[in-house]
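What follows is a set of notes on a single structure, which appears directly below.
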Amino acid sequence: TYVAATGKHVANVDGRCKYCEVVMQTNGISYTVSGGYATVTGYNGSAKEVVIASTYNGVPVTHIGANAFEGNTRITSVVIPSGVTTIETYAFLNCSKLISVVIPKSVTAIARGAFYSCENLLDVTIFASEAVIESATFYNCPKIANVYIDSIADWCKIKFKGVDANPLAVRNTSNDHFVKRLYAKET
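Taking our numbering, the leading residue of the sequence shown gets 6, the next gets one more, and so forth.
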């Protein structure tokens with residue numbers, strides 16, 4: 006299989022690699038494969054509720070790439086599969102209709118601004134107890150009302166780095182906002 010000099014497949018308009026014809030897109034989700042793992046690199050599908058698969062062409066999906074869903078005005082919810090370890094910088098920047106996101110236990114890193122300006126984000130589920138969540142992850146998400154977690158003990162293991170990393174206390178462009186409800190499976 007021929008792959009570009011970069012060592013990665015490059016998708017063309019029909020979702021196949023322009024060099025080797027490998028399918029690079031499934032259900033509107035675009036991927037790159039490198040180093041034995043797949044990264045979500047974009048979304049142009051029509052579904053409002055997006056469920057990212059845990060594998061792509063037999064390779065584990067471990068990353069949501071930088072700006073992968075940026076500016077999407079259709080999606081209302083995203084379920085990130087177990088096995089994803091990293092949500093990169095501004096992955097969901099300005100997803101204006103995103104209401105709900107589920108982050109699995111496998112996630113260990115959420116980069117700066119991952120959900121920046123998701124103005125209608127209401128429900129955040131974070132099962133990732135070993136995660137490092139960078140600053141501005143939830144900046145200008147003024148409608149976050151519910152945060153769902155596994156347990157208080159797991160929540161306390163998360164490393165929040167900087168302003169607006171913690172969805173329990175989020176700043177936005179008009180005022181500071183505090184979550185109304187924190188739900189834990191275990192009490």
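Ideal Cβ positions, reconstructed from N, Cα and C, are used throughout, including at glycine. Computed from a predicted structure; not experimentally measured.
{"Check": "Quick one, are the C-beta atoms of residue 149 and residue 129 less than 7 Å apart?", "Outcome": "yes"}
{"Check": "What does a CB cutoff of less than 7 Å around residue 186 pick up in its chain, not counting 5 residues either side in sequence?", "Outcome": "150, 151"}
{"Check": "Would you list, in sequence order, the uninterrupted beta strand (DSSP E) runs of no fewer than 3 residues that lie entirely inside the segment 63-119?", "Outcome": "64-69, 82-84, 105-108"}
{"Check": "Taking the alpha-carbon positions, what's the residue 132 to residue 111 distance?", "Outcome": "8 Å"}
{"Check": "Sorted by chain position, which residues of the same chain lie with C-beta nearer than 6 Å to residue 167's C-beta, five sequence neighbours on each side aside?", "Outcome": "140"}
{"Check": "Near residue 162, what residues of its chain come up, given a Cβ to Cβ distance below 8 Å and the 5 sequence neighbours on each side ignored?", "Outcome": "134, 135"}
{"Check": "Leaving out five residues before and five after residue 71 in sequence, what residues of the same chain have Cβ atoms less than 8 Å from its Cβ?", "Outcome": "93, 94, 95, 96, 116"}
{"Check": "Could you check if residue 36 is buried or exposed, using at least 16 other CB atoms within 10 Å of its CB as the buried criterion?", "Outcome": "buried"}
{"Check": "So, helix, strand or coil for residue 128, using DSSP?", "Outcome": "strand"}
{"Check": "Just to confirm my understanding: we take residue 113, look at its own chain, exclude 5 residues before and 5 after, and list those with CB closer than 6 Å. What are they?", "Outcome": "90, 135, 136"}
{"Check": "Looking only at DSSP bridge pairs, what is residue 173 linked to?", "Outcome": "According to DSSP, residue 173 bridges with nothing at all."}
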